[in-house]
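As you go down the protein sequences, you meet chains A and B in turn.
Read in numbering that gives the first Met the number 0, the first sequence has 294 at position 295, and its numbers run on one by one without any break.
Read in numbering that gives the first Met the number 0, the second sequence has 11 at position 12, and its numbers run on one by one without any break.
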Amino acid sequence: MGMTITEKIFARAYGRNKVAAGDFLWAKVDTLIFHELLTPYSIGKQFKSLGPVKVWDPDRVVITIDHTVPGSTGPWPEVHQKLRQFVREQGIKNFYDIGRHGISCQIAAENGHVLPGTLCIADDAVVTALGALGVVATKVASEVFVILALGEHWFRVPESIKIEISGEFQKGVGARDLVQRLLADLGPGAAPYKAIELVGSTIEAMSISQRMVLCNLLEYTGAKNVIINPDEKTAEYIHKITGKAIEMVRSDPDAGYEKIFHYDVSNLEPLLAVPPSVHSGLPVSSIDKKVDQAFVGSCVGGRLEDLRIAAQIVKGRKVSPHTRFYVTPATQAIYRQAEEEGVLQALVDSGAAVMTPGCTVCLGNVGALAPGEVCIASSTANYAGRMGSDQAEIYLASPAIVAASAVEGKIADPRNYL
Amino acid sequence: MNETIRGRVHKFGDYVECDSHIVPFRAVPDYVSAAEHPEKLAQVCFTPVDPEFPKRVRKGDFIVAGKGFGSGKTHELGMIAIEVSGIKAIIAESIQRTYFRNAVNHGIYPIICPGISAAAETGDLLEVEPGTGKITNLTRNRVLRAIPLPELVLEIVRGGGILPLVKKRLDAAKKQENH
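1) Which complete beta strand (DSSP E) runs does the region 358–403 of chain A hold, if anything under 3 residues is left out?
2) Whole angstroms is fine: what's the gap from Gly43/A's alpha carbon to Asp123/A's?
3) Under a three-way DSSP split, which group does Asp263/A fall into?
4) Measure the C-alpha to C-alpha separation of Leu114/A and Pro229/A and round it to an integer number of angstroms.
5) Is there at least one Cβ from chain B nearer than 8 Å to Val156/A's Cβ?
6) DSSP on Lys87/B, reduced to helix/strand/coil?
7) If you draw a straight line from the alpha carbon of Gly59/B to that of Ser84/B, how long is it in whole angstroms?
8) With a cut-off of 8 Å, does the C-beta of Glu196/A fall near any C-beta of chain B?
9) Count the other C-beta atoms from every protein chain shown that fall within 10 angstroms of the C-beta of Ala244/A, then say buried if there are 16 or more, exposed otherwise.
10) Taking the alpha carbon of Val277/A as the point to measure from, which residue in Glu150/B, Ser70/B and Phe99/B has its own alpha carbon closest?
11) Identify the continuous alpha helix (DSSP H) that holds Arg335/A and give its terminal residues.
12) Applying a beta-carbon distance threshold of less than 8 Å, which residues of chain B neighbour Glu142/A?
13) Within 8 Å of any Cβ in chain A, is that where the Cβ of Asp18/B sits?
14) Using a beta-carbon distance below 8 Å, is Ser425/A in contact with chain B?
15) Please state whether the Cβ-Cβ distance between Leu124/B and Leu49/A is less than 8 Å.
16) Please report the straight-line C-alpha distance between Lys193/A and Tyr98/B, rounded to a whole angstrom.
17) Anything in chain B within Cβ reach of Tyr334/A, meaning under 7 Å, just list it in chain order.
18) Considering Cα atoms alone, identify which of Val313/A, Ser208/A and Gln105/A is closest to Ala405/A.
19) Mind listing which residues of the region 66–98 of chain B have their C-beta closer than 7 Å to chain A's C-betas, in chain order?
20) Looking only at its own chain, which residues have a Cβ that is under 6 Å from the Cβ of Thr137/A, when we skip the five neighbours before and after it?
21) Would you decide whether Phe33/A is buried or exposed? Buried here means 16 or more other CB atoms lie within 10 Å of its CB.
22) Mind pulling the chain A residues with CB within less than 7 Å of Pro149/B?
23) By a C-beta neighbour count over all protein chains shown, 10 Å radius and 16 as the cutoff for buried, is Gln175/B buried or exposed?
24) In chain A, what lies closer than 9 Å to Leu124/B by C-beta?
25) Nearest chain A C-beta to Arg144/B closer than 8 Å, yes or no?
26) Using a Cβ-Cβ cut-off of 6 Å (strictly less than) and excluding sequence neighbours within five positions of Phe154/A, which residues of its own chain qualify?
27) Taking only beta-carbon positions, decide if Phe52/B is within less than 8 Å of chain A.
28) Report the residues of the region 123–153 of chain A with a CB closer than 7 Å to any CB of chain B, ordered along the chain.
29) Go ahead and label Gly372/A buried or exposed: buried means 16 or more other beta carbons lie within 10 angstroms of its beta carbon, across all protein chains shown.
30) Please classify His9/B: is it buried, with 16 or more other beta-carbons within 10 angstroms of its beta-carbon, or exposed?
31) Which residues in chain A have a C-beta closer than 7 Å to the C-beta of Leu169/B? List them in chain order.
32) To which residues of the same chain is Ile62/B closer than 6 Å at the C-beta, ignoring the five residues directly before and after it?
33) Just how far apart, CA to CA, sit Glu88/A and Ala148/A?
34) Along the region 0–20 of chain A, where does the CB come closer than 7 Å to a CB of chain B? Name the residues.
35) Flag Tyr40/A as yes if its beta-carbon sits less than 8 Å from any beta-carbon of chain B, otherwise no.
36) Can you pull the chain B neighbours of Lys223/A, defined as C-beta to C-beta under 9 Å?
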């Protein structure tokens with residue numbers, strides 16, 4: 000039997016020709032990504048306790064400050080200071096400090112630190128988004144210190160589940176609506192410890208950005224990693240950044256899958272995740288709710304395509320007077336490009352508050368919610384208390400739905416604006 | 000080596016999440032607290048769903064849970080709170096993979112045992128062989144079969160977690176260099 004792309008990547012990282020799902024092994028890591036949040040524990044306590052140790056390969060480490068930007072109060076200025084000291088001591092070049100900042104996994108992808116066929120580890124679950132580039136990308140929490148010290152870590156090779164997507168999206172419907180449908184149908188226990196492999200004509204037609212939306216949020220099914228076999232779009236994305244051609248590591252035609260799901264998107268409509276769970280997918284037309292705040296941003300909904308569609312919807316219109324509309328580009332490069340295209344101008348002119356890159360509203364570090372308030376956001380989480388008061392409500396949706404809702408001051412159908 | 004461990008059960012349901020059930024999202028500031036004051040995490044551990052847990056738990060106790068232990072946002076703070084509370088094993092119908100890792104790395108046995116939810120209640124005394132998967136509920140006189148843990152995982156947990164193991168490997172590497 001052949002191997003899946005996930006198995007092949009683990010085999011390579013383990014230094015063998017073959018591995019099987021269920022194997023536990025120590026694997027060499029190609030790229031390590033982390034942000035500031037866990038560093039008091041991962042670096043300040045655990046790595047420091049190892050004594051004077053040199054990072055195994057400083058050029059393979061990518062570090063960002065993204066969760067506490069711009070809201071750096073409380074203990075965070077000192078955390079940032081200690082992180083900068085660590086970066087200096089270890090000679091880590093790929094530290095994206097303020098000025099070239101952005102959300103960790105997006106920064107890593109944009110700057111060519113993520114190459115197809117490799118093992119990419121981060122301290123944040125949203126790293127699974129990078130599976131869109133044909134990498135095994137998975138989270139390890141504070142254990143980043145293990146990789147910093149040894150250059151490798153222990154892993155279990157996951158069984159693979161295939162999800163085949165076919166059909167064409169209707170106008171105003173896209174990757175975010177699809178992933179809401181999948182999360183609602185599959186639930187949190189659908190893919191425990193599995194590799195989800197996404198295939199099909201719909202996937203092939205998607206941009207890298209849209210593929211990242213799927214790979215990011217499908218982690219909520221309990222999956223270890225979510226992955227898409229590289230194709231011409233992947234090659235083009237990588238070539239644009241690195242000037243290099245890529246090695247196409249792909250699943251063998253006779254690879255084994257534990258389960259195969261089929262989805263058709265032809266009849267998919269714009270969908271919302273209803274608080275407090277991401278595992279819900281209600282049609283936007285079924286909910287009549289005033290919104291106090293709208294947010295386009297985050298690792299899953301703050302890329303150029305997301306800002307463009309938001310700008311397209313609000314252009315020439317005004318945001319509702321009782322709705323605060325925050326927009327956060329995921330990285331400085333996206334911010335700069337959006338500015339050049341007039342996207343930020345259209346947003347600001349409509350009454351949006353455009354912010355410097357970072358997680359910002361996703362976790363209530365900016366634009367926190369008061370009791371009873373309702374926010375609609377293109378971000379990752381909507382559990383009680385996520386954005387401030389646990390008496391506030393967070394609806395999750397595509398940037399198109401968010402922008403339309405900002406204009407109307409209530410949950411709105413983007414198809415009326417496209 | 001085939002160790003046997005015994006402990007008292009604290010029972011939870013399905014899809015236990017860090018931020019909603021184990022360590023409330025804003026109850027402790029963040030990882031700064033985890034690094035400097037881990038006992039603060041023990042004080043709030045599981046209080047959203049079991050306010051008596053911090054008072055009731057003893058070193059060496061077990062958690063028994065349903066499906067998907069560690070779902071949602073898989074923040075490590077939840078596992079740090081569980082470790083500092085003294086828990087030695089988590090036995091569940093299924094364990095979210097990041098929480099499986101977190102348990103191992105914090106010196107806690109993550110044991111997947113279909114049927115455990117129906118076979119144990121808070122206060123029961125269990126005897127567990129992580130290497131073979133044999134679980135005996137001594138209070139109710141029942142035996143179950145869990146998925147045995149591989150030696151790679153057992154070695155880490157036996158040593159007290161991933162930090163001691165990394166130290167051991169670095170020391171061994173240093174000794175080799177000095178030869």
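The C-beta atom is built at its ideal place from N, Cα and C for all residues, glycine as well.
These figures come from a predicted structure and were not determined experimentally.
Answer, in terms of the structure:
1) 373–376 and 392–395
2) 18 Å
3) strand
4) 10 Å
5) no
6) coil
7) 9 Å
8) no
9) exposed
10) Ser70/B
11) Gln331 to Glu339
12) Arg100, Asn104 and Ile161
13) yes
14) The structure shown does not extend to residue 425/A, since chain A spans only 0 to 417, so no value can be given for it.
15) no
16) 14 Å
17) Within 7 Å Cβ-Cβ: nothing; Tyr334/A doesn't reach chain B, min ~26 Å.
18) Val313/A
19) Lys66, Gly67, Ser70, Gly71, Lys72, Thr73, Glu75, Ser93, Gln95, Arg96 and Thr97
20) Lys223 and Asn224
21) buried
22) Phe23
23) exposed
24) Correct list: empty, because the minimum Cβ distance to chain A is about 28 Å.
25) no
26) Ala26
27) no
28) Ala124, Lys138, Val139, Ala140, Ser141, Glu142, Val145, Ala148, Leu149 and Trp153
29) The sequence shown places Glu at residue 372/A, rather than the Gly named in the question. Classification of Glu372/A: buried, given that the 10 Å Cβ count is 16 or more.
30) buried
31) Leu49, Val52 and Ala148
32) His9, Ile86 and Ile89
33) 14 Å
34) none
35) yes
36) Arg96 and Thr97
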